[in-house]
Structures are given as structure tokens and as C-alpha cells.
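First residue of the sequence shown? That's 1074 in the numbering used here, and the numbers climb one at a time after it.
Using N, Cα and C, we set each Cβ at its ideal position, and we do this for glycine too.
Written out below as C-alpha cells is the structure these notes cover.
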Amino acid sequence: MNWINKALLFVALAPRRFFARWNVDIRLLKAILTTKLMMDDRRPNSIQLTRQRQTEKEISNATLGTMAISGFMGLSFLMVFALGDDFSLQLTLLFSLFIAILCMMLVSDFTSVLFDVRDNDIILPKPVNDATVVVARLLHVFVHICKIILPMCLPSLLYLSIRINPFAGLVFLAVSLFVVLFSIFLINAVYIIILRITTPARFKTIISYVQIGFVIFIYGGSQVFPRLMDIEDLSTLRLPDTGLLLLAPPYWFASLFEASVTWHASARMLLASALAIVMPLLSMVVVIRFLAPAFNQKLGMISGSSGGGASFSEGSGRVSSFFARFMSKYPVVHTGFLFTWKMIARSREFKLKVYPTLGYFFVLFLLLMFNRHQRLQASLQDFFTGFDLISVVYMSSLVLLLALIQVSHAEKFKAAWMFYTTPLRQPGQIVTGAVLAVILYLGYIPFSLLLLMGLWYAGPTVLLHFSLALCNQLVISLAFTLLFARKLPFSQPPADAQSGAQTMWMFLIAAIAAVFGGLQYLVFKSLWLTGLAFCISILICWWLIRRLNRQTWEDLAVDADLLP
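Rendered as C-alpha cells:
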């Protein structure tokens, strides 16, 4: 256990005499908390989880990673003090960011702590009384919140202490306490709403999407927001003079801080300051008396359920069946396509590893499409009539290649025994179906939207250029699979997913994709050359698919002991 957890454990156990009056066994309480904190160090946070590389070395300092990320977020909050010279606006933006990021971090990283039901299996059968179990859970929650809140507050606390005086730093710390209480209320309310509109079995899936969205938001915000700002207009920013500000919780906390530090406040600021104190306290009463009992009941449903079968939406099933009809002539390819499509749709592990990369690609697409030196309409017109639209298709190579690597790996890879019991002479047809499923599952929505917008802005000529780019993308994916990823879907252990050689070849093939893009750029202005290149690309696709379909068991990367 690292020194931070030791310090927080010491603070949490400081009122041990008070706990003893509640019939809490201090010795067992310390043992439970120590074990929980050690397990926290081995549990990756949301960003580490999406970038985790399955190696022999296990994670042992996840707490430091969580605090470093929280501290970086707090440091980035200081940029609001460069927006204009209106101190009220700066404080309102500061607390807006504080509430938003705090809620997202608590939802993404706090969920694994809150829904840790292993106490029911490990602690409850042991001679531990109820008071000790309850206090241990509450103190664990307290320690986890401290590891997020303290690093996030520290940069702003130091800045305000230097800019104004040390008293301002103490006031900011006190106001932050009310912000935390209000954020906890918001999170509880969101949890209850989600559990009311969905089943407990799908709750963790929704939280997974929140984790993915959090990573994408952090990366996207750091890239997009600075480019959308016009430095010359920052000095003119002012907080609007309207009573509607009383409906904005960040304004409450900004008013409370400003009134406490400057001792000058208008009637509206005084009312907002009162709301900043009353509403968090009132919200905690609502949480304790109304939301917590309902939430505990729902939590019991989650812990009591085994998860059931994974859900698969009817709409997604119709889409996969529609695409699979085109492969009905090849039953094995058809089966491999449907199997991979449905596994991708249900695999939380696959989504956590691939979807953030898809989000990064979306952010880069926005950076290409929007030019802050032009109006929106002009930027869109230039993007879709020029080569930028085609370059986006080639930029997606890294996303698709990463997905092709990950689709072969799974935690429960031993379930792939079913492939080896079938009388197949050419299992490469399953791999072909898997490749097509990955490309269509990840690409049919974004590529369709891009094509429709291209037709709207550039006319029918974009169809030929776009089709050539997609066909070249299929050539790249098939060639990569044939050379370096001849594996059945979800049949390999995750430890092999990030081998250095495979990653190196992935970037090499991505560089070849850039070469394909450069060649298409050379023939971009000639429709007949583009048409000729399209015909050649189709022939190469046909040859690669035939070659991949003919792969035998000896050609694939499989365990020889499992061969039929």
C-alpha cells in the first residue's frame, strides 16, 4: 500500500473512539479498509482501463494514476482565469468545470467502488458485525472521494491564495465541500433515473459508455475548445446581468466565494450564496431519506443478479441480418459475420478498448472539418468538395486495424472450442466474415453520414471518389488480416493483443494506407483515372477475399492441441 493510502487510512481511522461507541470492531475495520485500499491500487481507473496493455506486470499504483489525472484536471481549470476580466464569470466557469468533471470522474471511477458486492461473499460469512461492515464501506467511499477531490482542488486553491490571499484559499476549500455534496446528490439522482428506465443487468453497460465518453470528452475538449476560441474576443466576455443566473448552480458557489472574500455583494449574489449553502444540505437530506433507500434496493438487485444473458437490440439485429443477406451464398462467411457482429455488440471489453480510439478519430474529423478562420458554411463546403473528405476515410485505418487485432482476443477465449469441433476444412471463411463484420459495424454509420453530406455539398461526383477510398480501405484491412491477423474471432488470450511486433506492423500498414491516399490524390481530378483505379481495387479485394477464404487450419494461428 502506497504512502497516500496510508495517510488517508490514518485520517479515516482517527475518530476510532467515536466508532467504538457504535460497536465497531476497530481491528477488523482497519483490516477491511487496508485490504480494500490495496485492491483499489490494483484496479485500473477509467482512462487506464481503456489503454491497459495486458502484460505480465500487474497494475499496482492505480491510486497514483487516479490522483495524477485528477490533479491534471484541476490544473486545466486554471485556464478560466484567462477568459476576460470578469471575476464572477471566471468563478462561475471554474465551478461549472469542477462540477462537470467531478461528476464524470465519480461516475466512471467511483462505480467500481460503489458496486463492489464482494463484501456479500467474503465478509458477511465471517464473524464481522453489521456496524463494522457499514462503517468500512462508508470510510472506503470517503477515502476514494478524497483521492479525487483533493488533487482537483489543489491548483485552484494555490492560485487563489497567491492571487488574493491565503484566506481566499481556505474559503475555496470550504465552498468546494458544498460543491462535492451537491455533486453527490446529482450522481445519486442520475443513478436512480438510470435504474428506473433500464434493468439492473444493463446498468453496468451504461456506466461503461459513460467511462468511454469521459475519455473522449477529455481528449476532445483539449483539442477542440482551444481552436474554437478567438483570443481577441476573450477580454470582452462578461457574465450576463439576468435573474436567470439563479437557476445555475455554478453561479451559486461563485457568488458564495466572491461574497465571502470581498464582503461586497448584490441582493442577487446574497440569494445565490444562500442557495449555495442550503441546496447542498437539503440535497443530502433528500439523498439520505429518499434516494438512498431506493438506491440500496436497486443495488441489491444488481448484486443479487448474475447478470443474465447479454441484451441484443432488435434494431441492431435487423442491421446485421440486412448486411448478412449479401453473404448468404457463402454459409460459413455468413455465420462468421453474424457471430462477430453480435459478439462485438455485446462485448464490454471490446468496446472499452476500441471505442475511445473511435472517439479520437471523431475529434480529428472535427478538427479537419471546422476552420475557425472561416464561417461554418464555408468550412463545410471546402471540406466536402476537396480531398479532406477522402482523407478522413484513410485516417480511419488505425481504428479499423486496432479493431481487427482486438476482435481476435477475449478474456473468455476458451469458449472458442466450438470452432474446432466443426467439420470445416477452410476456417478462413469465418475470418473473412469477421473482417467484414468489424468494418461494417464500426463504419456503416459514420461512412454513410459522410457520404450523404458529401452528396449534398459536392454532388454525385463524390460517390466515385468515396467508393474508391472505401474499397482501398477494405484492401488494406484484408491484407493486414491475411498477413498478420489470421485468427478466429474471440479465440486468443488478451495477453497476445498488444504484442510489439503486431503493433509495429499495424502502424506500417497504416503508413501504407497513407500511400494509398496519396495515390488517390494524384488521380483525384481525373474521373476516368479514378474509375480505373476503382476497378483495379475491386479486383484486388476479390482476390484477397478468395485467398483468405482458402486458409486452412494449418494457415491460421490456432492451438495445435485443439485442432479437430
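Inter-segment contact for the segment 1312-1328 and the segment 1167-1177 is present: three or more beta-carbon pairs are separated by less than 8 Å. Boundaries of the alpha helix (DSSP H) around residue 1079: 1076-1085.
With fewer than 16 other beta carbons inside 10 angstroms of its own, residue 1581 counts as exposed. For residue 1232, the uninterrupted alpha helix (DSSP H) run begins and ends at 1203-1236, by DSSP. Assignment of residue 1407 by DSSP, reduced to helix, strand and coil, places it in the helix class. Distances from the CA of residue 1540 to each of 1561, 1554, 1558 and 1517 were compared; the closest alpha carbon is that of 1517.
In its chain, beyond the 5 residues on either side, 1209 have a beta carbon closer than 6 Å to the beta carbon of residue 1105. By the CB criterion at 7 Å, residue 1244 and residue 1339 fall outside the cutoff. If you keep only unbroken alpha helix (DSSP H) runs of at least 4 residues inside the segment 1454-1518, you get 1461-1468, 1470-1479 and 1490-1493. A buried status is given to residue 1558, since no fewer than 16 other beta-carbon atoms sit within 10 Å of its beta-carbon. Shown here for residue 1399: not one same chain residue has a beta carbon closer than 8 Å to its own, the five before and five after excluded. Burial state of residue 1529 is exposed, judged by a 10 Å Cβ sphere holding fewer than 16 other Cβ atoms. Annotated three-state conformation of residue 1624 is coil, per DSSP. Contact check for residue 1417 against residue 1410 fails: the beta carbons are separated by 7 Å or more. The segment 1077-1088 makes contact with the segment 1200-1216, as at least three CB pairs between them are under 8 Å. Following the DSSP letters along the chain, one finds residue 1341 inside the alpha helix (DSSP H) bounded by residues 1340-1359. When C-beta atoms of the segment 1450-1470 are compared with those of the segment 1419-1439, three or more pairs fall below 8 Å, so the two segments count as touching. Of the residues assessed, residue 1495 falls on the exposed side of the cut-off, its CB having fewer than 16 other CB atoms within 10 angstroms. The residue among 1115, 1158 and 1155 with its C-alpha nearest the C-alpha of residue 1137 is 1115.
Per the DSSP secondary-structure output, residue 1593 pairs with nothing in a beta bridge.
Boundaries of the alpha helix (DSSP H) harbouring residue 1109: 1099-1114, taken from the DSSP string. Restricting attention to 1231, 1408 and 1224, the CA atom closest to the CA of residue 1393 is found in 1408.
In this structure residue 1220 is buried. Its beta-carbon is surrounded by 16 or more other beta-carbon atoms within 10 angstroms. Pairing residue 1228 with residue 1148 gives a Cβ-Cβ distance under 7 Å. Its chain contains 1331 as the residues whose beta carbon lies nearer than 7 Å to that of residue 1160, once the 5 sequence neighbours on both sides are disregarded; these appear in chain order. Only residues of its own chain outside the window of five on either side were considered, and among them none has a CB closer than 6 Å to the CB of residue 1218.
Residue 1095 is positioned such that its CB atom lies closer than 7 Å to that of residue 1204. The beta-carbon distance between residue 1225 and residue 1143, rounded to whole angstroms, is 5 Å. This is short enough to meet the 8 Å contact definition. Exclusion of the five residues before and after residue 1614 leaves 1544, 1547, 1548 and 1551 as the residues of its chain whose Cβ lies within less than 8 Å of its Cβ. The beta carbons of residue 1081 and residue 1206 sit no closer together than 7 Å. Cβ contact annotation for residue 1403 (same chain, cutoff 7 Å, sequence separation greater than five): 1502, in chain order. Between the C-alpha atoms of residue 1283 and residue 1598 there is a straight-line separation of about 43 Å. Residue 1457 sits buried, since 16 or more C-beta atoms from the chains shown fall within 10 Å of its C-beta.
Distance from the Cα of residue 1113 is smallest, within the candidate group 1079, 1145, 1090 and 1567, for 1079.
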